[in-house]
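Heads up: the sequence shown is residues 1017 to 1232, going by my numbering.
By construction, the Cβ of each residue, glycine as well, lies at the ideal position given by its N, Cα and C atoms.
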Amino acid sequence: MDFEKIIKTRKSIRSFKNEGISDKTLLKIIEMAKYSASWVNSKHIYTYVVTGEKLKELKKMHYKNAMKHAEYNSDIKYAHLNDFPNNEQHNMKKWLDERNNFLSKFENNDWNEKSNHLFNAPVVVYLAVEKPRNDWMMYDLGAYGDSIMLAAKNLGIDSITAYTFATFAPELHKILDIPKNQEIVVGIGLGYRDNDVINDFIASNDGFDKLVKIIK
Ligand SMILES: Cc1cc2nc3c(=O)[nH]c(=O)nc-3n(C[C@H](O)[C@H](O)[C@H](O)COP(=O)(O)O)c2cc1C
């Protein structure tokens, strides 16, 4: 696929079809993403590709916790609007307004329900780092995560990076047998988008514009 098209058509998908992805394709995605840059080539990110029965078990746990409004217990703390600087807060509020405006057109929108079901993603790639974590490790992890999404898009596979996947860390460590000396940072859902209207929401993309300067 044309690279500009890959970048511009990748968007967060919040409702996936019941269609799996072969191990061969999953490995190909990871194989491509491993070319991302990292601090002194440290390549330190643990990658857990979860699918099949294990993912079903994990989704059940997540849904149960979400239904009883269990307190978030992620390894990396949830960030609230007020934890961000002003410009970011402005962009986030705009995104929320645009999203609410979009959803108000549909009587039975089930944004939260989709999220509680982990978007019906047939695959979730969990990214984890070993303790002690430093800021550069998080930089590397973000770059690697984006490469995973773009490599997937190149193969016609949709994605979403979401905090939601990592909300209940103690249970995730247990179900996935991830040692306690690692922190689960985020999950990336992979799959094929379905026709639900939720996937028609397009986030606007001008938040960056006033922050970009060419300095000569
Ligand atoms: C670190 C991170 C965490 C995110 N967590 C969530 C989440 O929990 N739920 C969700 O619906 N979207 C989540 N997103 C997706 C963002 O809302 C989305 O990337 C943003 O609105 C831009 O839209 P786009 O990805 O379609 O371009 C997350 C994205 C990132 C990078």
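Burial state of residue i, where buried means 16 or more other Cβ atoms lie within 10 Å
i	result
L1078	This sequence places His at residue 1078; Leu is not what is there. Buried, since its Cβ has 16 or more Cβ neighbours within 10 Å.
A1095	exposed
E1087	exposed
I1173	buried
G1068	exposed
F1019	exposed
S1038	exposed
Residues bridged to residue i (per DSSP)
i	result
T1177	I1204
F1184	N1089
E1035	Partner(s): none; E1035 has no beta bridge.
Residue i versus residue j: straight-line alpha-carbon distance, rounded
i	j	result
S1052	P1148	22 Å
S1163	R1030	19 Å
S1220	R1115	10 Å
D1225	E1073	42 Å
E1047	Y1160	11 Å
D1193	P1186	10 Å
E1129	K1232	50 Å
(request) For the region 1116 to 1154, list the alpha helix (DSSP H) runs that are entirely contained and at least 4 residues long, ordered along the chain. (result) The region 1116 to 1154 is shown to contain whole alpha helix (DSSP H) runs of 4 or more residues at 1127 to 1132, in chain order.
(request) Pair every Cβ in the region 1097 to 1106 with every Cβ in the region 1177 to 1186, then say whether three or more of these pairs are closer than 8 Å. (result) Result no; under three Cβ-Cβ pairs closer than 8 Å.
(message) Quick test of the definition: if touching needs 3 or more C-beta pairs under 8 Å, does the region 1059 to 1070 touch the region 1137 to 1156?
(response) At 8 Å Cβ cutoff, the stretches touch.
(message) As an exercise, report each continuous alpha helix (DSSP H) stretch of at least 4 residues that is fully enclosed by the region 1062 to 1111, in chain order.
(response) Those alpha helix (DSSP H) runs which fall completely within the region 1062 to 1111 and span 4+ residues are 1068 to 1083.
(message) Does the structure place the region 1190 to 1210 close enough to the region 1106 to 1126 that three or more beta carbon pairs sit under 8 Å?
(response) No: fewer than three Cβ pairs fall under 8 Å.
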